[in-house]
Amino acid sequence: MERGSQGNSTDRTNASGCSFLTPTMLKQFIEMHQMEIVDDDYTVKIIQEHEPDPVYRSKQQLSFEGFVRYMTDSMNYAFVPEVIKPDQDTLHYPLNYYYICSSHNTYLTGHQLKGESSSEMYRQVLLTGCRCVELDCWDGENGLPQVFHGHTLTSKIGFREVLSVINKSAFVTSNLPVILSIENHC
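Letter 13 of the sequence shown, counting from 1, is numbered 13 in UniProt numbering, and no numbers are missing.
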């Protein structure tokens with residue numbers, strides 16, 4: 001989405017080729033995807049409350065950043081777990097249709113260049129709802145793969161140890177699939 005007159009960032013445009021949502025487009029999204037009936041005044045109010053760019057706001061347009069702010073607002077019921085409890089049998093759209101809570105450098109407990117690595121971090125993120133974890137895999141001294149941030153001073157943990165923790169923790173709080181993002185350097 002282009003920032004229009006600001007010209008300071010270029011991302012993607014929406015399916016209509018627009019770099020923003022109008023109140024009508026936002027209303028269509030809410031009614032189709034969130035299954036709520038709203039009026040035009042309500043969509044204008046959403047834009048006024050969530051659009052950070054004053055130029056877009058004055059034109060009653062919602063940028064990508066404004067849309068993200070709206071979707072993640074605690075007052076927005078983009079996902080209501082009490083009403084909709086997704087499971088593997090009801091999730092039939094392509095993967096890119098879903099918001100997936102992801103973790104980068106999951107194994108690190110602190111600094112990414114000199115911090116400690118711990119398999120416990122996988123347990124913690126999975127139990128809090130994360131569904132995509134990262135494993136940076138490198139050859140270990142004993143011929144078995146290890147997980148660590150390569151070419152840094154981070155500590156190393158065994159690949160099997162990490163998989164064991166993932167296996168024990170992956171489906172305790174959710175039955176949704178877990179994505180293992182493996183950066184393979186072996």
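Think of the CB as a built atom: it goes at the ideal place given N, C-alpha and C, for glycine as much as any other residue.
Review point. Alpha carbon to alpha carbon, what distance is there between residue 147 and residue 138?
Key: Locating residue 138 in the sequence shown gives position 138, where the first residue counts as 1. Locating residue 147 in the sequence shown gives position 147, where the first residue counts as 1. Those two C-alpha atoms are separated by around 6 Å.
**Study point:** C-alpha distance - residue 93 paired with residue 141, whole-angstrom precision
**Key:** Numbered from 1 along the sequence shown, position 93 holds the residue referred to as residue 93. Numbered from 1 along the sequence shown, position 141 holds the residue referred to as residue 141. Taking the straight line joining both Cα atoms gives about 42 Å.
**Study point:** Burial state of residue 164, where buried means 16 or more other Cβ atoms lie within 10 Å
**Key:** Here residue 164 corresponds to residue number 164 of the sequence shown, with the count starting at 1. Its Cβ having fewer than 16 others within 10 Å, residue 164 is exposed.
Practice item. Given a cut-off of 8 Å, decide if residue 113 and residue 121 are closer than it, judged by their beta-carbon atoms. Key: Your numbering for residue 121 matches position 121 in the sequence shown. Your numbering for residue 113 matches position 113 in the sequence shown. Contact: no.
Practice item. For residue 179, collect the residues of the same chain with a Cβ closer than 6 Å to its Cβ; drop the 5 residues on either side in sequence, then sort them by chain order. Key: Numbered from 1 along the sequence shown, position 179 holds the residue referred to as residue 179. Only 132 meet the Cβ criterion.
**Study point:** Classification of residue 130 by the beta-carbon crowding that lies within 10 angstroms, buried from 16 upward
**Key:** Here the question's residue 130 lines up with position 130 in the sequence shown. Counting Cβ neighbours within 10 Å, residue 130 comes out buried, since at least 16 surround it.
Exercise for review: Compute the Euclidean distance between the alpha carbons of residue 115 and residue 44, then round it to the nearest angstrom.
Suggested key: Walking along the sequence shown from the start, residue 115 turns up at place 115. Walking along the sequence shown from the start, residue 44 turns up at place 44. One C-alpha to the other measures close to 47 Å.
Point to revise | One or two residues paired with residue 181 in a DSSP bridge | key: Here residue 181 refers to the residue found at position 181 of the sequence shown. Looking at the DSSP assignment, residue 181 forms a beta bridge with 134.
Exercise for review: Return the residue from the list 171, 89, 167 and 105 that minimises the CA-CA distance to residue 128.
Suggested key: As a position in the sequence shown, residue 128 is number 128, starting the count at 1. Among 171, 89, 167 and 105, the Cα nearest to that of residue 128 is on 171.
Review point. By a C-beta neighbour count over all protein chains shown, 10 Å radius and 16 as the cutoff for buried, is residue 153 buried or exposed?
Key: Within the sequence shown, residue 153 is the residue found at index 153, counting from 1. That one is exposed.
Review point. Tell me the DSSP bridge mates of residue 157?
Key: As a working note, residue 157 is residue 157 in the sequence shown. Per DSSP, 147.
Exercise for review: Look up residue 53 in the DSSP assignment and say whether it is helix, strand or coil.
Suggested key: Residue numbering aside, residue 53 sits at position 53 when the sequence shown is read from its first letter. Here residue 53 sits in coil by DSSP.
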